[in-house]
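>
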Amino acid sequence: MFDRLREDVRTALETDPAAKSATEVFLTYPGVHALWFYRAAAHLLDAGHPLAARVVSHVARVLTGVEIHPGATIGRRLFIDHGMGVVVGETAEVGEGVHMHHGVTLGGNSPEPVKRHPTVEDGVLIGANATLIGDITVGEGARVGAGAVVVEDVPPGTTVAGVPARPVGDAAADGADGRPSERARHSCDGRRSAG
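Going by UniProt numbering, the sequence shown opens with residue 1, and the numbers climb by one from there.
(1) Of all the options V149, G85 and V98, which has the alpha carbon lying nearest to the alpha carbon of E121?
(2) Are the CB atoms of T131 and K115 nearer to each other than 8 Å?
(3) For the segment 77 to 88 and the segment 47 to 66, state whether three or more C-beta atom pairs, one from each stretch, are separated by less than 8 Å.
(4) Would DSSP call R116 helix, strand or coil?
(5) R77 and E24: beta carbons closer than 8 Å?
(6) Are the Cβ atoms of D135 and D81 separated by less than 8 Å?
(7) Could you give the distance in angstroms between the alpha-carbon of V138 and the alpha-carbon of E112?
(8) Determine the contact status of H101 and A60, defining contact as a CB-CB distance below 8 Å.
(9) Quick check on DSSP: helix, strand or coil for D81?
(10) Taking the CB atoms as reference points, tell me whether C151 and P164 lie closer together than 8 Å.
(11) Sorted by chain position, which residues of the same chain lie with C-beta nearer than 7 Å to residue 198's C-beta, five sequence neighbours on each side aside?
(12) Which of helix, strand or coil does DSSP assign to G178?
(13) Alpha carbon to alpha carbon, how far is A47 from P118? Give it in angstroms, no decimals.
(14) Please state whether the Cβ-Cβ distance between I126 and V149 is less than 8 Å.
(15) Starting from T15 and walking both ways along the alpha helix (DSSP H), at which residues does that stretch end?
(16) For residue 244, count neighbouring Cβ atoms within 10 angstroms of its own Cβ and tell me buried if that reaches 16, exposed if not.
(17) What does the alpha-carbon distance come out to for the pair S110 and L13?
(18) For G108, which residues in the same chain have their Cβ closer than 6 Å to its Cβ, ignoring the five residues on either side in sequence?
Below, the structure written as structure tokens:
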């Protein structure tokens, strides 16, 4: 458990250029705090204590502004940048190395107790205020632009933006190592690009 907590701090340090120290992340990063609450709530849910799990989740929402349902599946090295307004629904699945900005919603589209929230595969970047709805899959290494509304599957490595979200850009937006270039990252996190 403590290894996971340390990894969450290390992930923030490696992902956020504004992070200056582990102490700063530990004390002041609501996205990291929300992950810690989520892990405790998920443990309680797995141990057969659903009400306690929901109470912990509610406290997390009040304290951090981030709501992650304890039934969601969250992989390692998720970084929730700024945190406020993030909502991750009960049947959502988030892979490893995912980067979410503030205001992201992984929402459901059915009142039935079925898989109704998105699956976000490894290495996905989701820009500020993006909304992903329903049992869709955002493929590995994809990028979702700020403010996008995603209601259909996104192929691996694709950048989508708009309402509704559609593929944008081309392979030239990617860096030589296959990761998003600085310009592509800025187009997804809501900052202006220099290009």
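Every residue gets a Cβ at the ideal spot worked out from N, C-alpha and C, and that includes glycine.
By the coordinates alone:
(1) The count along the sequence shown starts at 1 and reaches residue 121 at position 121. Of the candidates V149, G85 and V98, the one whose C-alpha sits nearest the C-alpha of E121 is V98.
(2) Position 131 of the sequence shown, counting from 1, holds the residue named residue 131. Position 115 of the sequence shown, counting from 1, holds the residue named residue 115. Cβ atoms of T131 and K115: not closer than 8 Å.
(3) yes
(4) One-based indexing of the sequence shown puts residue 116 at position 116. In this structure, R116 counts as coil in the three-state DSSP scheme.
(5) Residue mapping note: residue 77 aligns to position 77 of the sequence shown, counting from 1. Residue mapping note: residue 24 aligns to position 24 of the sequence shown, counting from 1. No, Cβ-Cβ distance for R77 and E24 is not below 8 Å.
(6) Translated into positions along the sequence shown, residue 135 becomes position 135. Translated into positions along the sequence shown, residue 81 becomes position 81. Not a contact, by the Cβ cut-off of 8 Å.
(7) Locating residue 138 in the sequence shown gives position 138, where the first residue counts as 1. Locating residue 112 in the sequence shown gives position 112, where the first residue counts as 1. Each residue's Cα considered, the two are about 22 Å apart.
(8) To locate residue 101, count along the sequence shown from 1; it is residue 101. To locate residue 60, count along the sequence shown from 1; it is residue 60. With contacts defined as CB atoms closer than 8 Å, H101 and A60 fail to qualify as a contacting pair.
(9) Locating residue 81 in the sequence shown gives position 81, where the first residue counts as 1. Reduced to three states, the DSSP call for D81 is strand.
(10) By one-based count along the sequence shown, residue 151 stands at place 151. By one-based count along the sequence shown, residue 164 stands at place 164. The amino acid at residue 151 is misidentified as Cys; the sequence shows Val. Yes, these two residues count as a Cβ contact at 8 Å.
(11) No statement about residue 198 is possible, as the shown extent of the chain runs from 1 to 195 and does not include it.
(12) By one-based count along the sequence shown, residue 178 stands at place 178. Per-residue confidence for G178 stands at a pLDDT of 45, beneath the threshold of 50, marking its modelled position as unreliable; no derived number is given.
(13) On the sequence shown, residue 118 is found 118 positions in, with the first residue counted as 1. On the sequence shown, residue 47 is found 47 positions in, with the first residue counted as 1. Taking C-alpha positions only, P118 is separated from A47 by approximately 25 Å.
(14) One-based indexing of the sequence shown puts residue 126 at position 126. One-based indexing of the sequence shown puts residue 149 at position 149. No, Cβ-Cβ distance for I126 and V149 is not below 8 Å.
(15) Working through the sequence shown from its first residue, we reach residue 15 at position 15. Per DSSP, T15 belongs to the alpha helix (DSSP H) from F2 to T15.
(16) For residue 244 there is no data in the structure shown, the boundaries of the chain being 1 and 195.
(17) Within the sequence shown, numbered from 1, the residue matching residue 110 stands at position 110. Within the sequence shown, numbered from 1, the residue matching residue 13 stands at position 13. About 37 Å.
(18) By one-based count along the sequence shown, residue 108 stands at place 108. Answer for G108: G89, R116 and H117, listed in chain order.
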